[in-house]
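Have a look at the structure below before the remarks.
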């Protein structure tokens, strides 16, 4: 097998679980403190500990790492799980603002960060359920 036969997962490209953990922590730190994120912070419980863990497990699996989310939660069904929250352009943009800042702080490989941003942006856009 040549190196061109091996595909490197996004999980590996960004630095694995260490980077996922830092990314999610920085994301929620930003969401918890930035005025631009107030509207999405209000959608969450006061204690962000549980949701941090859930997002870490989800992103680990979503980026091609170990299956940590589906064994416990089943299929992500993200839109269904978020349908009770009004997610329009403003909410998507606030979420992306926090995530992009967190990626800038934690994902050192710029090409991987751009690829991750593209994928995350598509996911965030797909989550909109209000005009």
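Residue numbers (UniProt numbering): 1 to 131.
Idealized CB from N, CA, C, for every residue including glycine.
Source: prediction; values computed, not measured.
Helix, strand or coil for residue 69 per DSSP? Reading the chain shown from its first residue, position 69 is the one you call residue 69. Here residue 69 sits in coil by DSSP.
Residue 13, DSSP secondary structure in three states: For the purposes of this step, residue 13 is identified with residue 13 of the chain shown, where counting begins at 1. Three-state DSSP puts residue 13 in a helix.
Taking residue 66 as the reference, give the member of 40, 118, 12, 23 with the closest Cα. Numbered from its first residue, the chain shown carries residue 66 at position 66. Considering only alpha carbons, the answer is 12.
Measuring only the C-alpha atoms, how far is residue 16 from residue 76? Locating residue 16 in the chain shown gives position 16, where the first residue counts as 1. Locating residue 76 in the chain shown gives position 76, where the first residue counts as 1. A direct Cα-Cα distance of roughly 20 Å separates residue 16 from residue 76.
Curious, which full-length beta strand (DSSP E) runs of at least 3 residues does the region 43 to 119 contain? Counting only runs of 3+ residues, no beta strand (DSSP E) is found wholly inside the region 43 to 119.
Among the residues of its own chain, which have a CB less than 7 Å from the CB of residue 26, if the five just before and after it don't count? Taking the chain shown and counting its residues from 1, one reaches residue 26 at position 26. Hits under 7 Å: 102, 105, 106.
Going along the chain, which residues of its own chain have a beta-carbon closer than 7 Å to the beta-carbon of residue 117, five neighbours each way excluded? Here residue 117 refers to the residue found at position 117 of the chain shown. Correct list, in chain order: 100, 103.
Evaluate residue 19 with the Cβ neighbour count: other Cβ atoms within 10 Å of its Cβ, from every protein chain shown; 16 or more gives buried, anything less gives exposed. Counted from its first residue, the chain shown places residue 19 at position 19. Residue 19 is buried by the Cβ-count criterion.
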